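Student:
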Amino acid sequence: MKEMILDYIRKEYLNEEDAEDMQLDENTPLISSGIVDSFSMVSLKRFLEKKYAISIPDDQATPEAFDTVNRILELVRRFQKDS
Amino acid sequence: MSQDFDYERLRREITWDVARRELGIGEGAPINLGHVCVDRNVELGRGDKIALVHENHAGEVRRFTYRDVKRLSNGWAEFLALQGIRNLDRVCVFLERIPELYISFIGVLKIGAVVQPLFSAFGEEAFFQRADDSRAVAVITQHKHLGKVRKIRDRLPELRTVIVVDHDATRRPLHEGEIAFSMMDHGIAEYPVFRTYAESPSVLHYTSGTTGQPKGALHVHSSVFAQYLTSKMVLDLKDDDVYWCTADPGWVTGTSYGIIGPWSLGVTQVVLDAGFSSDRWYETMEKHRVTVWYTAPTAIRMLMKDGIEPVKRRELSSLRHMCSVGEPLNPEGVHWGRAAFGLDFHDTFWQTETGAIVVTNLPGMPVKPGSMGRPFPALVAAVVDPATGEVIEAPGRVGMIAIRPPWPSMMRTYWNNTATYLKKFVNGWYICGDRASLDADGYFWFSGRDDDVINTGGHLVGPFEIESALLEHPAVAESAAIGKPDPINMEVVKAFVALRPGFEPGPDLELDIMNFIRKRLSPLAMPQEIEFLGRLPKTRSGKIMRRMLKAKEMGQEVGDTSTLDED
Numbered sequence: 001m002k003e004m005i006l007d008y009i010r011k012e013y014l015n016e017e018d019a020e021d022m023q024l025d026e027n028t029p030l031i032s033s034g035i036v037d038s039f040s041m042v043s044l045k046r047f048l049e050k051k052y053a054i055s056i057p058d059d060q061a062t063p064e065a066f067d068t069v070n071r072i073l074e075l076v077r078r079f080q081k082d083s
Numbered sequence: 001m002s003q004d005f006d007y008e009r010l011r012r013e014i015t016w017d018v019a020r021r022e023l024g025i026g027e028g029a030p031i032n033l034g035h036v037c038v039d040r041n042v043e044l045g046r047g048d049k050i051a052l053v054h055e056n057h058a059g060e061v062r063r064f065t066y067r068d069v070k071r072l073s074n075g076w077a078e079f080l081a082l083q084g085i086r087n088l089d090r091v092c093v094f095l096e097r098i099p100e101l102y103i104s105f106i107g108v109l110k111i112g113a114v115v116q117p118l119f120s121a122f123g124e125e126a127f128f129q130r131a132d133d134s135r136a137v138a139v140i141t142q143h144k145h146l147g148k149v150r151k152i153r154d155r156l157p158e159l160r161t162v163i164v165v166d167h168d169a170t171r172r173p174l175h176e177g178e179i180a181f182s183m184m185d186h187g188i189a190e191y192p193v194f195r196t197y198a199e200s201p202s203v204l205h206y207t208s209g210t211t212g213q214p215k216g217a218l219h220v221h222s223s224v225f226a227q228y229l230t231s232k233m234v235l236d237l238k239d240d241d242v243y244w245c246t247a248d249p250g251w252v253t254g255t256s257y258g259i260i261g262p263w264s265l266g267v268t269q270v271v272l273d274a275g276f277s278s279d280r281w282y283e284t285m286e287k288h289r290v291t292v293w294y295t296a297p298t299a300i301r302m303l304m305k306d307g308i309e310p311v312k313r314r315e316l317s318s319l320r321h322m323c324s325v326g327e328p329l330n331p332e333g334v335h336w337g338r339a340a341f342g343l344d345f346h347d348t349f350w351q352t353e354t355g356a357i358v359v360t361n362l363p364g365m366p367v368k369p370g371s372m373g374r375p376f377p378a379l380v381a382a383v384v385d386p387a388t389g390e391v392i393e394a395p396g397r398v399g400m401i402a403i404r405p406p407w408p409s410m411m412r413t414y415w416n417n418t419a420t421y422l423k424k425f426v427n428g429w430y431i432c433g434d435r436a437s438l439d440a441d442g443y444f445w446f447s448g449r450d451d452d453v454i455n456t457g458g459h460l461v462g463p464f465e466i467e468s469a470l471l472e473h474p475a476v477a478e479s480a481a482i483g484k485p486d487p488i489n490m491e492v493v494k495a496f497v498a499l500r501p502g503f504e505p506g507p508d509l510e511l512d513i514m515n516f517i518r519k520r521l522s523p524l525a526m527p528q529e530i531e532f533l534g535r536l537p538k539t540r541s542g543k544i545m546r547r548m549l550k551a552k553e554m555g556q557e558v559g560d561t562s563t564l565d566e567d
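As given, the protein sequences belong to chains A and B, one line each in that order.
Just so we're aligned, residue 1 is where the first sequence starts under my numbering, counting upward by one.
Just so we're aligned, residue 1 is where the second sequence starts under my numbering, counting upward by one.
#1: Could you check if residue 80/A is buried or exposed, using at least 16 other CB atoms within 10 Å of its CB as the buried criterion?
#2: Consider the Cβ of residue 148/B: report whether some Cβ of chain A lies at a distance smaller than 8 Å.
#3: Taking the alpha-carbon positions, what's the residue 128/B to residue 156/B distance?
#4: Tell me where the beta strand (DSSP E) around residue 459/B begins and ends.
#5: Can you tell me the Cβ-Cβ gap for residue 243/B and residue 311/B, rounded? I've got them flagged as a contact below 8 Å.
#6: Any beta-carbon of chain A closer than 8 Å to the one on residue 553/B?
#7: Compare the C-beta of residue 37/A with all C-beta atoms of chain B and state if any pair is closer than 8 Å.
#8: Distance cutoff 8 Å, beta carbons only. Does residue 276/B sit that close to anything in chain A?
#9: In the DSSP output, which residue or residues are listed as bridge partners for residue 324/B?
#10: Just the C-alpha distance for residue 422/B and residue 388/B, rounded to the nearest angstrom, thanks.
#11: Whole angstroms are fine: how far does the CA of residue 494/B sit from the CA of residue 554/B?
#12: If I measure Cβ to Cβ from residue 2/A and keep anything under 7 Å in the same chain, skipping five residues before and after, which residues do I get?
#13: Report yes or no: is there a C-beta of chain A within less than 8 Å of the C-beta of residue 39/B?
#14: Please state the DSSP three-state secondary structure of residue 63/B.
#15: Got a sec? Which residues, its chain only, sit under 6 Å from residue 252/B by beta carbon, not counting five neighbours each side?
#16: From residue 350/B to residue 325/B, what does the alpha carbon distance come to, in whole angstroms?
#17: Out of 441/B, 551/B, 14/B, state which residue places its alpha-carbon closest to the alpha-carbon of residue 225/B.
#18: Residue 80/B and residue 91/B - do their beta-carbons sit closer together than 8 Å?
#19: I want to see whether chain B comes within less than 8 Å of residue 64/A, judged by CB atoms only; does it?
#20: To the nearest angstrom, how far is it from the Cα of residue 286/B to the Cα of residue 313/B?
#21: State yes or no: is the C-beta of residue 208/B within less than 8 Å of the C-beta of residue 356/B?
#22: Report the start-end ranges of each alpha helix (DSSP H) in the region 49–106 of chain B that is 4 residues or longer and not cut off at the edges.
#23: Are any of the Cβ atoms in chain A nearer than 8 Å to that of residue 528/B?
#24: Can you name the residues that DSSP bridges to residue 445/B?
#25: I'd like the list of long-range same chain contacts for residue 557/B, defined as Cβ closer than 7 Å, with 5 residues on each side in sequence excluded.
#26: Within the continuous alpha helix (DSSP H) that includes residue 479/B, where are the two ends?
#27: Residue 521/B touches chain A at which residues, Cβ-Cβ below 9 Å?
#28: Please name the residue or residues paired with residue 204/B in a DSSP beta bridge.
#29: For residue 243/B, list the residues DSSP reports as bridge partners.
#30: For residue 78/A, would you say it is in contact with chain B, using Cβ-to-Cβ distances shorter than 8 Å as the test?
#31: Among 483/B, 197/B, 534/B, which residue has its Cα nearest to the Cα of residue 502/B?
#32: Are the CB atoms of residue 75/B and residue 167/B within a distance shorter than 8 Å?
#33: Kindly indicate which three-state DSSP category residue 280/B falls into: helix, strand or coil?
#34: Is residue 126/B buried or exposed, if buried means 16 or more other CB atoms sit within 10 Å of its CB?
#35: Residue 31/A versus chain B: which residues are under 8 Å apart at the beta carbon?
#36: Within the continuous beta strand (DSSP E) that includes residue 456/B, where are the two ends?
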């Protein structure tokens, strides 16, 4: 799951040069570093919901909850458990 | 304090000439924004004063004095001139909020060229539309955004030079026509600033409308008279202030009040180049002892979501004045500001075309939560009938917000589009395109826009631009975009799409279309919701009825459908 999310972020939110040059890992800040902005979070949330068949309420999709892939994993697992 | 506030006295006493006199610029004398904002401060003895406190997402802080900014912007000016960039050439600045953005902006102005700021999150198509229309000769960018420039470079034959500010030996070589420039290595003490005059073009900001592609509002160097005076009287900036404007200079607030206004007053300003989080924002205010804060209702509503407790945990006693811009500030925002900070948010109204604040709540003026305030005292603003331009004086009657020209920061034209520019004037008034009414005390109350432009997070997005981009997606046959009400962003983009044969609606396709628009235009333009329809409602002449889709979305009466094509 971690690799799939990282790949998706590389493909969709980094340009080609950044994707090759940048060391993106599960602890890289996404929102606070500007890789993913608050508007783009919606498409990332939609990807997670579709991929993992979950529904993340808007009030849980906060910049803090999406700031690293590790935090995203926590969020996804929580909603997988709930469903 | 509010009992002493005398608006009528201000109207009698305040003219734009006050700014001209205070800035020491004689009538008809040369005036260059680069000089006024930077070199003049050094001449006045502020050389060692901090002009810019810059903090990046990792928390690294860099400080630049006015002398630093003078030296580094001189370096930019010399470098740009060596690239053959001349007076009146358009130079795009396509950068994140890094120091190079703020300082190259000044450097471009110093050679008399026209600076064209572009939001760094723009995708390649949004960048292309704006650089193509302006016939820009150069773009200043960074590796993160270079890929987008490369994708459309072949379509921009007049774009001669691509300047990359963060290139080094560890990176792959630049392409032909690209050149590296390391700002910190090229400061020079003195550089002869180009002799521009009051009406010389200075800044070109693109803004979206209902129809057609974005239009370039062209401003001139004397705009500073309005930006200086409003920064002084509305933002209440004083010599010892530490000021934070949260806007990105890709948008007009970030240049008029994130560069020109505060620096023309010699004020220290803070820039945070990091994504939004409420705790980070409060930490920034506490750490840098921010005294004056200019932000947006969307940001205020995002802060409100986290409550007052995070504010109370911080030592924010330095903060003394707060203003808001970008969309109407709802009364709840004002009440929350009072509870959280013990201060009023002062709502301000203006737009790219006006270049500076035109209707506002002034310091000391009683704030009526939800009101836009009153006209800035140096200008005449009214609510008028849009057809006749007649002033509407009856309280509560809605008309269009209108400003009596001229004022220093009004746009001088839309680039390459004088016909549209001229349509903005009726009976001697500039018509803003926003509807409002007056109350018995002369306060303006916003009631809505008069067109289909989408205001999302305080930024205007044109539906036509989104619809055109949607049609470039291989699955899309017909498209319409509207603003859907949103509790945080005021509106978000919702798209209606009819698919080409062979494509089926579904979450995969929805996500693909969302990402397609995000990358081509910008995250702001990305539909947050897509509704698939068999066909879109059209008039008999084939025009998609955006108005009907919006009415249905809002649960309102659909209205006159006599022109609807029922086939």
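For each residue, glycine too, the CB sits at the ideal point set by N, CA and C.
Computed from a predicted structure; not experimentally measured.
Tutor: Put simply:
#1: exposed
#2: yes
#3: 8 Å
#4: 459–461
#5: Contact doesn't hold; Cβ gap of about 19 Å is too wide.
#6: no
#7: yes
#8: yes
#9: 295/B, 347/B
#10: 15 Å
#11: 12 Å
#12: 26, 69, 73
#13: no
#14: strand
#15: 205, 352
#16: 8 Å
#17: 14/B
#18: yes
#19: yes
#20: 10 Å
#21: no
#22: 66–82
#23: yes
#24: 437/B
#25: 551
#26: Careful: residue 479/B lies outside any alpha helix (DSSP H), inside the beta strand (DSSP E) at 476–486.
#27: Within 9 Å Cβ-Cβ: nothing; residue 521/B doesn't reach chain A, min ~11 Å.
#28: 218/B
#29: 269/B, 292/B
#30: no
#31: 534/B
#32: no
#33: helix
#34: buried
#35: 275, 276, 277
#36: 454–456
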